[in-house]
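Participant:
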Amino acid sequence: MKIKQIVLLILILIGLGTTLIFTFNHFKKEEEKILENKAKNEQIENEKKEEQQKKELEEKKKKEAGQKEVKMLFEKLQTTKKIILGIEDSLGTLETLDNQHKYKEYQVVEEEETIKEIVNLFAIATWQENKNDNHLGKIWQFFDSENNLIVEYDGTTFYTKEKNIYVFIETENLKKLKSYFLTEES
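Residue numbers (this note's numbering): 17 to 202.
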């Protein structure tokens with residue numbers, strides 16, 4: 017072999033070696049970036065999971081607190097001695113805690129058995145976070161033995177003097193509640 021060929025071979029080997037070194041370094045850096053991104057993605061995923069768990073825990077606590085309030089109201093309803101049924105009417109004069117609608121008195125229920133039936137329809141009411149738009153145009157007002165308003169219900173919400181508690185009552189029980197009004201909704 018001639019010296020020129022040997023020098024050319026050495027230069028080619030040096031060039032290939034340099035290329036291989038740069039290539040391996042490049043892939044090593046890319047692998048590090050991939051591992052860093054994987055770690056960041058796992059961290060972001062874990063943070064999202066933690067956030068979701070916190071949210072679920074807060075919702076669960078909120079629901080439990082709301083359900084506790086509904087249960088306490090149901091216990092108060094057990095002292096009911098009179099129920100006034102009202103129908104929405106723009107000229108209605110029935111005094112209510114629901115300031116958005118006016119009602120006129122439809123019927124007064126004082127029979128103990130009927131009161132018990134109506135109150136028991138609320139036994140499985142569940143707390144609901146937001147008021148739905150299922151306004152019935154009817155109201156149930158529950159009074160104790162001293163004729164004090166305990167609570168009123170408009171189809172979506174228990175109203176007390178202190179607060180409003182949104183509730184959901186199963187369709188079957190809601191139908192039974194509405195049946196105490198002889199007229200059907202229009």
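Here a beta-carbon is modelled for each residue, glycine too, at the ideal position from N, C-alpha and C.
I think Thr-96 touches Val-135, with their Cβ atoms under 8 Å apart; what is that distance to the nearest whole Å?
Facilitator: Counting from 1 along the sequence shown, the entry for residue 96 is found at position 80. Counting from 1 along the sequence shown, the entry for residue 135 is found at position 119. About 6 Å; that satisfies the 8 Å criterion.
Participant: Taking only the alpha-carbon atoms, compute the straight-line gap between Glu-74 and Gln-144 and give it to the nearest angstrom.
Facilitator: Numbered from its first residue, the sequence shown carries residue 74 at position 58. Numbered from its first residue, the sequence shown carries residue 144 at position 128. Rounded to whole angstroms, Glu-74 to Gln-144 spans 14 Å at the Cα level.
Participant: Is DSSP giving Thr-96 helix, strand or coil here?
Facilitator: Here residue 96 corresponds to residue number 80 of the sequence shown, with the count starting at 1. Thr-96 falls in the coil class under three-state DSSP.
Participant: Here's the rule I'm using: 16 or more other beta-carbon atoms within 10 Å means buried, otherwise exposed. How should Ala-81 be labelled?
Facilitator: Here residue 81 corresponds to residue number 65 of the sequence shown, with the count starting at 1. Exposed.
Participant: Buried or exposed: which applies to Ser-195, given that a residue is buried once 16 or more other Cβ atoms fall within 10 Å of its Cβ?
Facilitator: Residue mapping note: residue 195 aligns to position 179 of the sequence shown, counting from 1. Ser-195 is exposed by the Cβ-count criterion.
Participant: Give the range of the beta strand (DSSP E) segment to which Thr-173 is assigned.
Facilitator: Residue mapping note: residue 173 aligns to position 157 of the sequence shown, counting from 1. Segment 173-175, the beta strand (DSSP E) holding Thr-173.
Participant: In whole angstroms, give me the CA-to-CA distance for Asn-163 and Thr-109.
Facilitator: As a first step, residue 163 is located in the sequence shown; it is residue number 147 there, counting from the start. As a first step, residue 109 is located in the sequence shown; it is residue number 93 there, counting from the start. About 18 Å.
Participant: From Glu-85 to Ser-106, what does the alpha carbon distance come to, in whole angstroms?
Facilitator: Counting from 1 along the sequence shown, the entry for residue 85 is found at position 69. Counting from 1 along the sequence shown, the entry for residue 106 is found at position 90. Distance between the alpha carbons of Glu-85 and Ser-106: 31 Å.
Participant: Whose C-beta lies closer than 6 Å to the C-beta of Leu-36 among residues of the same chain, with five residues either side of it excluded?
Facilitator: Your numbering for residue 36 matches position 20 in the sequence shown. No residues qualify anywhere along the chain.
Participant: Quick one: what's got a C-beta closer than 8 Å to Ile-131's C-beta in the same chain, skipping five residues either side?
Facilitator: Residue mapping note: residue 131 aligns to position 115 of the sequence shown, counting from 1. Thr-96, Lys-97, Lys-98, Ile-99, Val-125.
Participant: Based on the DSSP secondary-structure assignment, which residues constitute the bridge partners of Asn-180?
Facilitator: Along the sequence shown, one-based indexing puts residue 180 at 164. Answer is Tyr-175, bridged to Asn-180.
Participant: Under the three-state reduction of DSSP, which class applies to Ile-22: helix, strand or coil?
Facilitator: Counted from its first residue, the sequence shown places residue 22 at position 6. Residue state, collapsed to three classes: helix.
Participant: Whole angstroms is fine: what's the gap from Phe-159's alpha carbon to Ile-166's?
Facilitator: Looking up residue 159 in the sequence shown gives position 143. Looking up residue 166 in the sequence shown gives position 150. Taking the straight line joining both Cα atoms gives about 5 Å.
Participant: When burial is assigned at 16 or more other CB atoms within 10 Å of the CB, is Leu-101 buried or exposed?
Facilitator: The residue given as residue 101 occupies position 85 in the sequence shown. Label assigned to Leu-101: buried.
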